[in-house]
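Trainee:
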Amino acid sequence: MLASTGTATAAVAVGSTGSVLVSALFNGAGCATTANALSNSAGELSAAVVPKASAAPVFYAKATAIGVTNTPPAPVTAALTGTGNLTAASVPGFRPSGMNKSGTQTGPNAQNTWIQVTGWTADTTNYPGSTVNTNALVSQGNKTSATVTANVSWTASTFPNTIAARLKKNGTVIATGSTANPAVASATVTVAENDQITLEVSDGYSLASLAPATINATGTYVRIT
Numbered sequence: 006m007l008a009s010t011g012t013a014t015a016a017v018a019v020g021s022t023g024s025v026l027v028s029a030l031f032n033g034a035g036c037a038t039t040a041n042a043l044s045n046s047a048g049e050l051s052a053a054v055v056p057k058a059s060a061a062p063v064f065y066a067k068a069t070a071i072g073v074t075n076t077p078p079a080p081v082t083a084a085l086t087g088t089g090n091l092t093a094a095s096v097p098g099f100r101p102s103g104m105n106k107s108g109t110q111t112g113p114n115a116q117n118t119w120i121q122v123t124g125w126t127a128d129t130t131n132y133p134g135s136t137v138n139t140n141a142l143v144s145q146g147n148k149t150s151a152t153v154t155a156n157v158s159w160t161a162s163t164f165p166n167t168i169a170a171r172l173k174k175n176g177t178v179i180a181t182g183s184t185a186n187p188a189v190a191s192a193t194v195t196v197a198e199n200d201q202i203t204l205e206v207s208d209g210y211s212l213a214s215l216a217p218a219t220i221n222a223t224g225t226y227v228r229i230t
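Quick note: the sequence shown uses the working numbering, first residue 6, plus one each step.
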């Protein structure tokens, strides 16, 4: 038996028609030599096969995913199928918004006539990210049952003014309140990203044109929650 390499030499006396058989296990290489005789060799050869990868295959994939994100940022998870480019649609999450009246304003100067309340400042202290577009509070994201509220603080003239408030979403009335001080209006509606909420007031006093009320800054606000 040859463990690696080597030679085996044997001297065997046989007749002219005889043969010599040398049998060995070969784990490496071996040989048999004879002189003046017929030589045959038989053995078992074994080898360990070691797999070898010359290069990693390159794969290409294409997938389509639709995800929903919330603001503040939140993880997006989606199943990927198919082949091609990976795309994702991002749907903004909802955050409350608010705006406060800035400065006083003269109330309606005609009976039962609606006028827009103007001069607003985004309430970013209580509602981070809030923005005002002209005189409209801008919605931050989508919500199916958002509460839109308005509160109007006002001061009567020397005559008994009666102020009521109403809210509009993108120019359409969504809530109308009764005359009161403060005048309030509220509605539960669906809002979408960038919807615009505006506030209007009216005066039921017949002589409003002669003695209009004053819309106060403190206590007058609009909110989307």
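A virtual CB, placed ideally from N, CA and C, is assigned to each residue, including glycine.
Rounded C-beta distance between N138 and A197? I'm assuming under 8 Å.
Mentor: With a Cβ gap of about 14 Å, N138 and A197 do not count as contacting.
Trainee: For E205, write down the residues that DSSP places opposite it in a beta bridge.
Mentor: Q121, R171
Trainee: Is it buried or exposed, N232, if we count other Cβ atoms within 10 angstroms and call 16 or more buried?
Mentor: Lying outside 6 to 230, the shown extent of the chain, residue 232 is not represented and no answer is given.
Trainee: With H, G and I counted as helix, E and B as strand and the rest as coil, what does DSSP make of G103?
Mentor: strand
Trainee: Check the C-beta distance from R228 over to P133 and give it rounded, since I have them as a contact under 8 Å.
Mentor: The Cβ separation is near 13 Å, so there is no contact.
Trainee: What residues are listed by DSSP as bridge partners for Y226?
Mentor: N105, N156
Trainee: Closest to K106 by C-alpha separation, out of T152, Q201, T136, V157, would be which residue?
Mentor: V157
Trainee: Under 8 Å by Cβ, that's how I've got S135 and G103 pegged, so tell me the actual separation to the nearest angstrom.
Mentor: 5 Å
Trainee: Going by DSSP, what residues sit across from A127 in a beta bridge?
Mentor: M104
Trainee: Please return the same chain residues whose Cβ sits closer than 7 Å to the Cβ of G224, not counting the five positions on each side in sequence.
Mentor: N156, S158, P187
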